[in-house]
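Visitor:
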Amino acid sequence: MTTVDHQEADRVRDAVQQYVERQPALVRATEGFIALVTSALDDAGINYLTVTGRTKSVESFAGKAARRVDGRLQYPDPLEQITDQIGLRVITYVRDDVAAVAQLLAGELTVLDDRDMGQETADQGRWGYASRHLVVAVDASRTLTPAQEALRTFTASVQIRTVLQHAWAEFEHDIRYKGTIPQAHAPDLNRRFTLAAGLLELADQEFSAIRDRLQAALPEQPPEEPDEDDPRLSAQELAKFLAGQYPDAGWSRTEHYAWISGLLLELGVTSLEELSHVLGGVDGEAITARMGYRYPPAAVRRLDDALLAVFGPQYVQLHGNSHRVDQLAERLKKLG
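Residue numbers are given in this note's numbering: position 121 of the sequence shown equals residue 121, and the series is strictly consecutive.
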């Protein structure tokens, strides 16, 4: 082993030892980033399936730190250059929401790197792995809670993909990295993986078309059986009403319709007629403009803004808003 090889081995060993020491802080920061991203998505009303995260294991970090390309270390400064020490994954239902999530995170955090792996694959004339990869950090100007302040010293890698893209990637990774593909069958299986990727891309396009058609057409749905013990507007009828009220807004998460229905109940609004009356004098476009969104707010967020504009401090103090009083107070200031 040459002197250079010894020096590089020592550098890797030192980096791994430092990583062991900092891993507990990374685990806490991972949980903090999960909460931060989830809160941002929920606040924006973007429809997503899951937000998950993990801290890179010591074994995985050590393997990546020692990786060589053309005889040289791929990461001469592992602690700085290995950017997925904190890894988050956001799974959406349709491709349009992948772009919406990326746009939201660009507005909420500092984006240090942004790669659209699906577009890179398409530019090569191929089908295959598709995922949006961001490396993010907390903007210096962002207000954080005392518990979140430690996040300023970390970065996080965020993968954003649809549920179909995720299924393909997980299956392909599981097969290939277990080394279970006999060499004789590799060409045929590669072809089949490519075919599956193309079919899933087509399916993603069809899911987007289905959602757009449903939002545009607003088909009649059978009414839910009323619950005599629950005077709230049902999530289904509220979703249908908001799709008509804000036709250019995306769908929100299913549970968010039920949540804001509870806020309406606190305000004494228990019918669509009453809700229409409340919103009658509201200029939704002006409100959205004042908020200065860098992303298109979804239906529940549009209603949330409208109710804040109509009821002001009363809305902020509702029991169902107790977890976000400060955020609502800041938004109320924007409304003047």
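Glycine included, every Cβ here is placed at the ideal spot set by N, Cα and C.
Spatial neighbours of Tyr295 within its chain, please: C-beta separation below 8 Å, excluding the five flanking residues on both sides.
Guide: Ala44, Ile46, Ala100, Gln103, Leu104, Gly107
Visitor: Is Val158 near Ile91, with beta carbons less than 7 Å apart?
Guide: Contact: no.
Visitor: Can you name the start and end residues of the beta strand (DSSP E) that Tyr48 belongs to?
Guide: Looking at the DSSP string, the run of the beta strand (DSSP E) that includes Tyr48 is 48-55.
Visitor: How many angstroms separate the CA atom of Pro247 from the CA atom of Phe241?
Guide: 10 Å
Visitor: Using C-beta distances below 8 Å, list every residue in its chain close to Val269, excluding the 5 sequence neighbours before and after it, in chain order.
Guide: Leu233, Leu275, Val278
Visitor: What is the DSSP secondary structure of Arg253, reduced to helix, strand or coil?
Guide: coil
Visitor: Looking only at its chain, what residues have a beta carbon closer than 8 Å to the beta carbon of Val94, apart from the 5 residues adjacent to it on each side?
Guide: Thr162, Asp204, Phe207, Ser208, Arg211
Visitor: Does DSSP classify Ala66 as helix, strand or coil?
Guide: coil
Visitor: Span of the alpha helix (DSSP H) holding Gln103?
Guide: Per DSSP, the unbroken alpha helix (DSSP H) holding Gln103 starts and ends at 95-108.
Visitor: In three-state DSSP terms, what is Asp248?
Guide: coil
Visitor: Enumerate in chain order the residues of its own chain whose CB-to-CB distance from Thr254 is below 7 Å, with the five nearest sequence positions on each side excluded.
Guide: Ala235
Visitor: In terms of residue numbering, what span does the alpha helix (DSSP H) encompassing Gly284 cover?
Guide: 284-291
Visitor: Which of the three DSSP states, helix, strand or coil, is assigned to Lys334?
Guide: Note: Lys334 maps to helix in three-state DSSP.
Visitor: Starting from the C-beta of Leu303, find all residues in its chain whose C-beta is less than 7 Å away, skip the five residues before and the five after it, and write them out in chain order.
Guide: Leu242, Ile260
Visitor: Can Gln85 and Lys64 be called in contact, C-beta distance under 7 Å?
Guide: The answer is no: Cβ separation not under 7 Å.
Visitor: Where Arg331 and Met291 are concerned, what is the direct C-alpha to C-alpha distance, given to the nearest angstrom?
Guide: 7 Å
Visitor: To the nearest angstrom, report how far apart Phe311 and Glu80 are at their CA atoms.
Guide: 48 Å
Visitor: The alpha helix (DSSP H) that contains Gln314, what's its start and end?
Guide: 313-316
Visitor: Taking contact to mean 3 or more Cβ pairs, one atom from each stretch, closer than 8 Å, check whether the segment 12-25 and the segment 68-82 are in contact.
Guide: Between the segment 12-25 and the segment 68-82, the count of Cβ pairs shorter than 8 Å is three or higher; the stretches touch.
Visitor: Under 8 Å by Cβ, that's how I've got Glu237 and Leu272 pegged, so tell me the actual separation to the nearest angstrom.
Guide: 7 Å
Visitor: Compute the Euclidean distance between the alpha carbons of Leu151 and Leu49, then round it to the nearest angstrom.
Guide: Leu151 and Leu49 have their C-alpha atoms some 24 Å from each other.
Visitor: Taking Leu195 as the reference, give the member of Arg72, Pro146, Glu172, Thr30 with the closest Cα.
Guide: Glu172
Visitor: Could you check what DSSP says for Leu79 in three-state terms: helix, strand or coil?
Guide: helix
Visitor: Would you mind working out which of Ser131, Arg213, Gln7, Ala35 sits nearest Arg72, comparing C-alpha positions?
Guide: Gln7
Visitor: How would you label Ala147, buried or exposed, when you count the other beta carbons within 10 angstroms and need 16 or more for buried?
Guide: exposed
Visitor: Drop a sphere of 10 angstroms on the beta-carbon of Gln165, count the other beta-carbons inside from all chains shown, and report buried for 16 or more, exposed for fewer.
Guide: buried
Visitor: Taking all protein chains shown into account, decide if Val58 is buried (16 or more other Cβ within 10 angstroms of its Cβ) or exposed.
Guide: exposed
Visitor: Val51 to Arg22, Cα distance in whole Å?
Guide: Distance between the alpha carbons of Val51 and Arg22: 24 Å.
Visitor: Run through DSSP, which three-state label would Arg232 get?
Guide: coil
Visitor: How about Leu328 and Glu266: do their beta carbons lie closer than 7 Å?
Guide: no
Visitor: Which class does Leu328 belong to by DSSP, given the choice of helix, strand or coil?
Guide: helix
Visitor: In the structure shown, what three-state DSSP assignment does Val278 receive?
Guide: helix
Visitor: With a CB to CB cut of under 6 Å and the five nearest residues on each side skipped, what residues in its chain are close to Glu224?
Guide: Here Glu224 scores only 49 on pLDDT, less than 50, and its place in the model should not be relied on; the value that follows carries that caveat. Excluding residues within five positions, the ones whose Cβ falls inside 6 Å are Ser234, Gln236.
Visitor: Rounded to the nearest angstrom, what separates Tyr129 and Ala167 at their Cα positions?
Guide: 11 Å
Visitor: Taking Val135 as part of the beta strand (DSSP E), name the residues at either end of that continuous run.
Guide: 132-137
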